[in-house]
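One structure is given below, encoded as structure tokens.
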Amino acid sequence: MSDKILDSGLRKRILSIIIFGFIGLVVFQLFKMQLMENFFYQEKSFENSVKKTLIPAPRGVFFDRNFNVIVSNKPAFSIEIIPSEYDHENTPIIENVMKVESGYISNVLDKNKRYSPFTPVKIKRNSDFGFLAWLQENKEYLDGIDYEIELQRDYSYGIKGSHIFGYTKELSPDQYRQLKSRYDMGDYIGHSGIEKVYEKLLRGTKGYSLSLVDSRQRTIGKYREGHEDVLPEKGNDLVLGIDADAQLVAEKLFEGKMGAMVAIEPKTGEIIAMVSSPQYDLSKLASVTSANYWDSLKTEPTKPLFNRATQSIYPPGSTYKMLAAIAALNEGVITEHSKINCPGGLQYGNRFFKCLHVHGSIDVVTALKKSCNTFFYQLILRLGLEKWAEYSKTFGFGSKTGIDITEEIAGIVPDSAYYDKVYGKNKWTRGYLISLGIGQGELSATPLQLAKYTALIANYGKSYKPHIVRGYIDENSGEFIKLNFDEISLSNISKKNFDLVKEALFKVVNEPGGTAGNIRMADIPISGKTGTVQNPFGEDHAVFIGYAPSDNPQIAVAVVVENVGYGSTHAAPIVKEVIKAYLQKDNASKSESLVKVNN
Amino acid sequence: MRIGAKLQDKVELGILLPSIALVIIGLLAIYSATINHPTAYGNFERQFYWFLLSVGVMVVVYFLPPQTFKFFSSPVYLISLLSLILVLVVGKTVYGSKSWLGIGSLGMQPSEFAKVGLILFLSYWLTRRTTDINTFKDLALALVIGFIPIALIMMQPDVGTAIVLGLITLFLIFWGGINLFGLFVVLSPGAVMFSSLFGTLPLIITLVIVLAILIYFKKDLFVSATVFVINIAAGFFFDYLYRVLQPHQQKRIETFLDPNADPLGAGYNALQAKVAIGSGGMFGKGFLEGNQTQLRFIPEQWTDFIYCVVGEEFGFLGSIIVILLFAVLFYRLFKLSISARDDYSKMVSMGILAILFIHFAINIGMNVGITPVIGLPLPFLSYGGSSLIVKMTLIGIALNIHKNRKFFD
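So the protein lines, in turn, are chains B and F.
Residue numbering for the first sequence follows the working numbering, beginning at 174 and increasing consecutively.
Residue numbering for the second sequence follows the working numbering, beginning at 127 and increasing consecutively.
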């Protein structure tokens, strides 16, 4: 082997290049990582070890029209288990104290197995204080089980308002997919009533807290002593048109009855009270865990979840006679002096349409006051279906009012197109429309539509779209901000014609021979109209619409009570009590059960 | 400065001071990595006692007579081989390797001491008057001296230490004055092995290149054929080696070839190490303030990933200081390997440099993500008694060689 030996100088050079070349490489890499790419690695390191926990924002509360709190928030206690720390040997005793069936805890834990064992699992919401006390007493023996405070709706102010307020529900997977950008899994969202429609105002903005976690996601402590935590922002409080006193009285009067009531302030369209009966218990729904209660609501034959004030349609009966009267007067079919003879009914073809009495020859005001059917059988035959339907639609029948809850249907105003569709062209006769004159037949309307119609009559055809919420209190400025709603103006109907009808409605209550003399009050003049709707399935539905005070209407009310009989007996007294509660506000009569919060 | 110069004449401060400084930085980093740890919180104290003990050993070695090392070269080598055999029979298995000998409650790793045995004996062998590294026989014998402890350590199996011993052998043979052909003979099987990592085609291409170089050297047919057969064997040996490796070691090699293949598995440590160092920035997050370290994102950080603690908590500045201390140490050892009294001392100095540099390169390279993850401690800084005592013994030997550089017998 006689090749050239690497001389020692070359060897030294090669070795120094290897050693100090490598050191240079390391220095370059450190420079690149720690100085050039420092930001990137800092982000990574932050993501690694800082856990963000979202803090839910309190929803805005509800005030009534006098700024009394009617719905607020209260803390509720959820029981949580951290699977990695939990000792399963304690399960039987915990289940026993919680009063749940054996296997409940392992069942819930199994469902959440795909999450980290360091992530707390909620095993019960809205736990009772007995269990909390027991948990607290035995804390040292019970590893990995604890409670967490959440905010829940507080409905303890005396008003049920189930169909007004509605409820919130955990986001469904479908909703979550659509709302991903603004909501997180497990968030609550308004699901019905004004909770749903005003979700954006009520919701607020979630906050978060940053905590340090180790490589196994266990919390070690607060990140920077909580200096960078963001507090949640409460949602805006809503101010409702609801009057707590009137609402409470109405709810009490409807106990044990089925039906609905809507009261509107005619000048503004604000809803003063709204009841659909039977109601349901929102506080039971808020606790979520009560799946049984939910099921019972769904299967209950009286359908409590259904809003009878806006989703249930009834023929309005005699309360609809004013519509035909206004249309006929306004179209010049009759005048205030025109008289029609009532011999106790109307023979039309081979069918006899009866009246309750023999009224003789009467004018329109008397016909309304005495609720003569014959007069209106004749009137609608003279007016014709198309004109009648046109005026019905002018007053908003046959279409949704656009109230600020989504649970609403349109009702039916039959016209020739409708009859053509149902019976076929030329297969129906004018005889079909005779019953429409007295608000029966295919005509159907919601109690809300009736209340709106009453308000329009009371205020000479001027009002606003019916609405529950007047405005909100801006969370930042504390100012009350009024919401705007569409104006309604029936300018084609003359004031004189309204006055004629209003005179008749006053007489219904306040003159001898009127059909609702039973609700006359000395101090507050009420105007109104009774209705008794024939019901092929049972007792008649009692209907009453009215407003007060007669000369300067501040409240217009429509009441339907199902299957009880006469409107004057069963519906009119409710209207009277609601009007009384709303207009007679002295401190003594103010309901004691209503908790006032002044802040 | 006269006193300083006088002291420098007796003690090579350029070797002693960086070593001590590195151990102190290591102690700080171990303190930070273990102070909040549920099981390792005592490691700082233990390492501190190991430090005191190792300084004692270093002082003893420093005062040994100059001929001691040469005289004991063969016995030390033989004893280290025996202890490597012993560990295979009665050793304790830690992390899948049978590498620990228990003496009472103390444990030691014979493979650490085998490194010392290897450099002493190989230096002795290479610097014998009769040895000519450029003869086929002596080269082969030198390789055998290295191969015996490597084979024993591979049986534990501890691939990291085996690689270190292989590279030490290479360094010493190179420093011993090997010629180009010899270097080619030694290095080519490694190149073939490495290329086989990437598949059959690169392997064949490399073998063709080896063949071409062999023809260029125009050696006799027997020598050329032997070298070529060795190369082919190396190519297939890797396949065998790969199967001997633990699954986690196989994973590491795959991860290095494709770092994104398994970010949560084998790549996890490497990634977290980079995050720790990179997030340190210019001045670091502060002592005991590194969240990667304190929240234990890197398991057993006080051993192989101790440099991350420095990088995260002391930043670029701290990292560079550690690198500079090593650079000074390497430079002084390099000078010693040129200026020492005799060939044997020069060779031993190079051996010490080789051990320290190879550990440094593999460990730091893995921490900053430029070499694959191979479990080796960082000299002076990593927690571990055997490692620290061996490293300080090496420093003691180097100081001894420096002290006796003008001594002639």
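We treat Cβ as the ideally placed atom computed from N, Cα and C, and that holds for glycine.
Taking residue i as the query, report the chain F residues whose CB atoms sit under 8 Å from its CB, ordered along the chain.
i	result
Ser384 (chain B)	None at all; the shortest Cβ gap to chain F is about 11 Å.
Lys217 (chain B)	Val401, Gly404 and Ser405
Where residue i and residue j are concerned, what is the direct C-alpha to C-alpha distance, given to the nearest angstrom?
i	j	result
Val770 (chain B)	Asn280 (chain B)	The pLDDT assigned to Val770 (chain B) is 39, lower than 50, so where the model puts this residue is not dependable, and the model offers no usable value.
Lys702 (chain B)	Asp696 (chain B)	19 Å
Leu390 (chain F)	Tyr214 (chain B)	At Leu390 (chain F) the pLDDT is 49, less than 50, meaning the model places this residue with poor confidence and gives no usable figure here.
Phe548 (chain B)	Val586 (chain B)	21 Å
Lys136 (chain F)	Ser145 (chain F)	17 Å
Phe483 (chain F)	Leu340 (chain F)	31 Å
Pro346 (chain B)	Leu352 (chain B)	10 Å
Leu606 (chain B)	Gln727 (chain B)	34 Å
Ser723 (chain B)	Lys379 (chain B)	49 Å
Gly533 (chain B)	Arg603 (chain B)	24 Å
Ser572 (chain B)	Gly522 (chain B)	33 Å
Ser773 (chain B)	Arg555 (chain B)	The structure shown has nothing for residue 773 (chain B), since chain B only spans 174 to 772.
Gln376 (chain F)	Leu367 (chain F)	10 Å
Ala480 (chain F)	Val499 (chain F)	20 Å
Ala402 (chain F)	Leu337 (chain F)	46 Å
Tyr188 (chain F)	Phe300 (chain F)	27 Å
Leu612 (chain F)	Gly243 (chain F)	The structure shown does not extend to residue 612 (chain F), since chain F is modelled only from 127 through 535, so no value can be given for it.
Ala715 (chain B)	Thr627 (chain B)	16 Å
Gln452 (chain B)	Ile337 (chain B)	10 Å
Leu541 (chain B)	Pro488 (chain B)	18 Å
Run through the DSSP bridge pairs and tell me what residue i is partnered with.
i	result
Gln235 (chain F)	DSSP lists no partner for Gln235 (chain F).
Arg355 (chain B)	Note: Arg355 (chain B) sits in no beta bridge, so no partner.
Cys515 (chain B)	B:Gly533
Gly704 (chain B)	B:Val716
Tyr645 (chain B)	B:Leu411 and B:Ile654
Asn246 (chain B)	B:Arg326
Phe526 (chain B)	B:Leu519
Ile721 (chain B)	Note that residue 721 (chain B) corresponds to Ala in the displayed sequence, not to Ile. Looking at the DSSP assignment, Ala721 (chain B) forms a beta bridge with B:Ile728.
Asp777 (chain B)	Outside the displayed range of chain B (174 to 772) lies residue 777 (chain B), so it cannot be described from this structure.
Thr378 (chain B)	B:Glu406
Glu343 (chain B)	B:Tyr361
Ala583 (chain B)	Beta-bridge pairing links Ala583 (chain B) to no other residue.
Glu660 (chain B)	B:Tyr637
Ile296 (chain B)	BP columns for Ile296 (chain B) are empty, so no partner.
Asn417 (chain F)	Asn417 (chain F) is not bridged to any residue.
Show which residues of chain F have a CB atom less than 7 Å away from the CB atom of residue i.
i	result
Leu208 (chain B)	Met408 and Phe442
Ile255 (chain B)	Residues of chain F passing the Cβ test: none, with the nearest at roughly 18 Å.
Ile196 (chain B)	Ile449 and Ala453
Which chain F residues sit within Cβ distance under 9 Å of residue i?
i	result
Ile190 (chain B)	Within 9 Å Cβ-Cβ: nothing; Ile190 (chain B) doesn't reach chain F, min ~12 Å.
Tyr214 (chain B)	Lys400, Val401, Ala402, Ile403, Gly404, Ser405, Gly406 and Gly407
Pull up the CB-CB distance for residue i and residue j, whole angstroms please, since I reckon it's below 8 Å.
i	j	result
Glu258 (chain B)	Gly331 (chain B)	Wrong, their Cβ atoms sit about 43 Å apart, outside the cutoff.
Cys545 (chain B)	Ile535 (chain B)	6 Å
Glu580 (chain B)	Ser365 (chain B)	6 Å
Ile513 (chain B)	Gln551 (chain B)	5 Å
Leu246 (chain F)	Ser199 (chain F)	4 Å
Leu502 (chain B)	Val538 (chain B)	Not a contact, Cβ separation roughly 11 Å.
His485 (chain F)	Leu504 (chain F)	7 Å
Tyr371 (chain B)	Leu344 (chain B)	Actually they do not touch by this definition, with Cβ atoms about 17 Å apart.
Ile415 (chain B)	Ile582 (chain B)	Contact flag wrong, Cβ pair sits at about 22 Å.
Can you pull the chain B neighbours of residue i, defined as C-beta to C-beta under 7 Å?
i	result
Trp301 (chain F)	Arg184
Val494 (chain F)	Val199, Gln202, Leu203 and Met206
Who are the neighbours of residue i on chain B, taking C-beta pairs under 9 Å?
i	result
Gly437 (chain F)	Leu203, Met206 and Gln207
Phe431 (chain F)	The contacting residues do not exist; Phe431 (chain F) stays about 13 Å from chain B at best.
Answer yes or no: the CB of residue i versus the heavy atoms of the ligand FAD, is any distance below 6 Å?
i	result
Met495 (chain B)	Absence of the ligand FAD is noted for the structure shown, with no ligands found whatsoever.
Give the residues of chain B in contact with residue i, contact being defined as C-beta atoms less than 8 Å apart.
i	result
Ser539 (chain F)	The requested residue 539 (chain F) does not occur in the structure, where chain F is confined to residues 127 to 535.
Gln418 (chain F)	Ser218, Asn221 and Ser222
Ala155 (chain F)	The contacting residues do not exist; Ala155 (chain F) stays about 16 Å from chain B at best.
- Pick out the complete alpha helix (DSSP H) segments inside the region 444 to 507 of chain B, 4 residues or longer, and give them in chain order. Along the length of the region 444 to 507 of chain B, whole alpha helix (DSSP H) runs at least 4 residues long occupy 455 to 459, 464 to 472, 481 to 484 and 494 to 503, reported in chain order.
- Could you give the uninterrupted runs of the beta strand (DSSP E) lying entirely in the region 186 to 262 of chain F, keeping only those of 3 residues or more? Listed in chain order, they are 218 to 220, 223 to 229 and 232 to 234.
- Query: What residue ranges within the region 563 to 622 of chain B form continuous beta strand (DSSP E) runs of no fewer than 3 residues, ordered along the chain?
  - Reply: The beta strand (DSSP E) runs lying completely inside the region 563 to 622 of chain B and spanning 3 residues or more number zero.
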